[in-house]
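Accompanying notes for the structure given below.
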Amino acid sequence: MSEFEKLKIVTKYELLKQFRRKRFYGALVLTLLAVILIIALYKGLDIPGKLPALITDSPKLFALFVTSAGATIPIFAAVFFAGDSIASEFEHKTGYILFPNPVKRSTLVVGKYIACLTVTSLIVIFAYVATVIALVGIYQQLPIEVFGSLALALVYANSVLGIAFLYSSALKGSMGATIATLLTIMLVFSVIEVSLIFANIDPWFMHGYAGDSIASVYGVPFAAAFGGGMPGGMERNPDPTTSFFVMLGYFIIPFILSIWLAKRREML
Amino acid sequence: MRESIVIEGLSRYYNGFLALDNLSLKVRKNEDVALLGPNGAGKTTALKILCGLLRPSSGTAYINGVNVMEERERAISMVGTMLETPEFYPFLTPVETLSYLGRLRGMSGQGLKSRIEEVIKLVRLEEWAKVKIGKFSRGMKQRLALAQTLLHDPPILILDEPALGLDPRGMMEVREILKKAKKEKTVFLASHLITEVIQVCDKVALIDHGHLLVYDSIPRLKRKYRTSLEGVYLKLTEAAI
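Chain order of the listed sequences is A and B.
Under the working numbering, the first residue of the first sequence is numbered 2, with each subsequent residue one higher.
Under the working numbering, the first residue of the second sequence is numbered 487, with each subsequent residue one higher.
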């Protein structure tokens with residue numbers, strides 16, 4: 002049997018595991034609640050009315066607000082599903098059943114990754130479907146940029162998966178891997194990015210900055226809309242194409258390291 | 487190939503602690519050998535290296551002539567393993583778990599389905615076949631672990647304390663299953679339960695502090711030391727302290 006056939010088997014059963022877990026359905030409910038809350042705040046607090054005069058309420062502004070405020074959804078979804086993907090095999094000793102099989106560790110890691118990517122993507126797509134329904138319901142319009150934003154959100158979620166897989170392969174416990182991923186993305190990367198901005202260095206290569214392309218793709222000036230300008234007069238407006246490749250890099254490098262670590266890791 | 491398992495000069499350090507000290511032994515085809523020794527003797531370490539779960543600090547191991555360190559997947563495909571107290575994915579049922587592992591081992595279709603039914607019946611888990619494993623007791627998981635070991639009908643069984651966690655009836659049933667299996671398979675079993683060893687195995691490799699003290703058939707050991715296997719065990723492990 003080829004390694005590709007084995008990959009299909011691993012992916013199938015990893016997906017079955019993910020769909021059997023309550024956390025998938027919990028994530029769906031939380032995502033829906035988050036989108037409803039953001040929409041309610043946008044309308045209830047009359048956000049467009051509070052913005053500078055040159056920015057008026059529009060489907061694009063609404064979509065930008067909902068999808069950028071909900072940019073943490075890809076982070077939490079990816080960490081939720083990937084944090085324990087490798088670590089739990091060692092922590093909960095399920096590796097004693099899985100690893101002594103004629104299948105390469107790299108195949109197991111890739112199979113787990115595909116399953117995690119699938120469920121994470123479903124959560125992100127679900128958030129966008131809810132946004133689209135709201136857009137059509139409120140404005141009877143659907144800006145085409147929503148699809149670009151969705152594509153970038155999926156790439157962003159994928160980059161978080163890469164980082165989560167790296168920690169999951171390196172650390173002993175699932176909880177440690179989950180917390181380390183969140184701290185890296187939400188604290189370490191943010192501190193570096195802010196420091197670069199204050200040093201007048203364009204942080205185009207930073208994870209969070211590239212992730213802002215999820216919002217910048219709408220073409221509404223970020224700084225004007227939400228006061229997100231940067232010192233030195235730099236406009237916080239990441240280029241979607243550059244950001245796409247930056248986020249791809251944040252996936253590829255950690256994921257390759259994750260495979261290397263998982264292959265070397267022993268069942269002690 | 488006359489030897490199912492060949493271990494050559496295996497050593498393993500854990501942070502400077504020598505857990506396995508230049509262990510060498512051969513297990514011939516259809517032999518049933520127990521790796522006997524006190525807790526911490528290095529039994530599990532030896533089995534984990536054989537299954538490719540640990541790397542040795544030095545030495546090598548072969549399964550049916552295939553180097554485990556160089557061709558792990560090919561070597562392991564000829565083996566059914568049961569190590570430590572295995573855990574299963576709590577969200578899957580025994581049928582799903584066995585189906586997953588069977589497919590990874592190249593089984594499929596009706597053949598896999600009927601073999602799953604067979605092994606589930608063998609370990610007496612029929613009533614629990616479609617219940618999520620999260621609800622299982624330790625003994626039930628141990629039975630399922632034995633089922634997955636036998637699933638692909640491997641010629642070699644590598645088992646670590648197979649009756650651990652089972653009640654007396656469960657222990658007896660597991661030993662009966664192994665006694666039947668050993669007629670046509672090579673069994674390499676780690677245990678510190680002398681009753682289990684006597685019932686299942688013909689030969690004993692007694693190890694302590696990571697090195698081999700003696701390796702011979704049970705009757706010959708009894709004759710040589712003029713005592714029971716328990717007596718041999720106590721005599722040799724005491725001498726090694």
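The C-beta atom is built at its ideal place from N, Cα and C for all residues, glycine as well.
For isoleucine 644 of chain B, the enclosing beta strand (DSSP E) begins and ends at 642 to 646. In this structure, the alpha-carbon of leucine 38 of chain A lies about 20 angstroms from that of leucine 123 of chain A.
Legend: CB atoms of the region 190 to 204 of chain A lying less than 8 angstroms from CB atoms of chain B are not found in any residue.
With its beta carbon less than 7 angstroms from one in chain B, proline 103 of chain A belongs to the interface.
Apart from the 5 residues on each side of it in sequence, tyrosine 548 of chain B sits with its Cβ closer than 6 angstroms to the Cβ of Val492 in its chain, given in chain order. When DSSP states are grouped into helix, strand and coil, histidine 208 of chain A belongs to the helix group.
Taking the Cα positions, leucine 675 of chain B is about 6 angstroms away from isoleucine 644 of chain B.
Each of B:Gly528, B:Leu637, B:Gly538, B:Pro576 was checked against the Cα of valine 617 of chain B, and the nearest Cα belongs to B:Pro576. For methionine 187 of chain A, there are no neighbours in chain B by C-beta distance under 9 angstroms, as the nearest C-beta there is about 29 angstroms away.
For the alpha helix (DSSP H) assignment, the uninterrupted runs of no fewer than 4 residues enclosed by the region 577 to 610 of chain B are, from N- to C-terminal side, 580 to 590, 595 to 608. Chain A places a beta carbon closer than 7 angstroms to that of glycine 592 of chain B, counting this residue as a contact.
CA-CA distance, proline 524 of chain B to methionine 568 of chain B, rounds to 19 angstroms. Distance between arginine 266 of chain A and proline 542 of chain B, taken at the CA atoms: about 13 angstroms. Note: phenylalanine 674 of chain B is bridge-paired with B:Val519, B:Ile644 in the DSSP secondary-structure output. Judged by DSSP in its simplified three-state form, phenylalanine 574 of chain B adopts coil rather than helix or strand. If you look at valine 554 of chain B, you'll find it isn't in any alpha helix (DSSP H); DSSP assigns it neither H nor E.
Assignment of beta-bridge partners to alanine 547 of chain B by DSSP yields B:Ile493. With distances taken between CA atoms, leucine 511 of chain B lies nearest to B:Thr546 out of B:Arg601, B:Thr546, B:Gly566.
Arginine 591 of chain B and proline 103 of chain A have their C-alpha atoms spaced approximately 6 angstroms apart. Residue range 529 to 536 is occupied by the alpha helix (DSSP H) that includes alanine 532 of chain B. Proline 572 of chain B places its beta carbon 7 angstroms or farther from that of alanine 615 of chain B. Under the DSSP definition of a beta bridge, valine 565 of chain B partners with B:Ile642. Only exposed fits serine 600 of chain B, as fewer than 16 other CB atoms lie within 10 angstroms of its CB. Taking a beta-carbon distance threshold of 7 angstroms, threonine 95 of chain A counts as an interface residue toward chain B. In this structure, valine 218 of chain A lies near proline 241 of chain A, with their beta-carbon atoms less than 7 angstroms apart.
Annotation: the continuous alpha helix (DSSP H) that includes phenylalanine 199 of chain A extends over 190 to 199.
Phenylalanine 503 of chain B has B:Tyr500 as its beta-bridge partners, per DSSP. Residues of the same chain with a CB within less than 8 angstroms of the CB of leucine 509 of chain B, apart from the 5 flanking positions on each side, are Ile493, Gly495, Leu496, Ser497, Gly528, Ala532, Gly545, Ile693, Gly696, His697, Leu698 in chain order. The Cβ atoms of phenylalanine 66 of chain A and glycine 163 of chain A lie no closer than 7 angstroms to each other.
For lysine 710 of chain B, the enclosing alpha helix (DSSP H) covers residues 704 to 711. The region 201 to 213 of chain A makes no contact with the region 108 to 121 of chain A, as fewer than three CB pairs between them are under 8 angstroms. Under the three-state reduction of DSSP, leucine 699 of chain B is assigned to strand.
Cβ-Cβ distances below 6 angstroms link arginine 106 of chain A to Ala263, Lys264 in the same chain, with the five nearest sequence neighbours on each side left out; the list follows chain order.
Serine 703 of chain B and valine 683 of chain B have their alpha carbons spaced roughly 11 angstroms apart.
If you look at leucine 692 of chain B, you'll find it in the beta strand (DSSP E) that goes 689 to 694.
Short of 7 angstroms from the beta carbon of leucine 540 of chain B, and not among the five residues preceding or following it, lie these beta carbons of its own chain, in chain order: Arg498, Thr531, Lys534.
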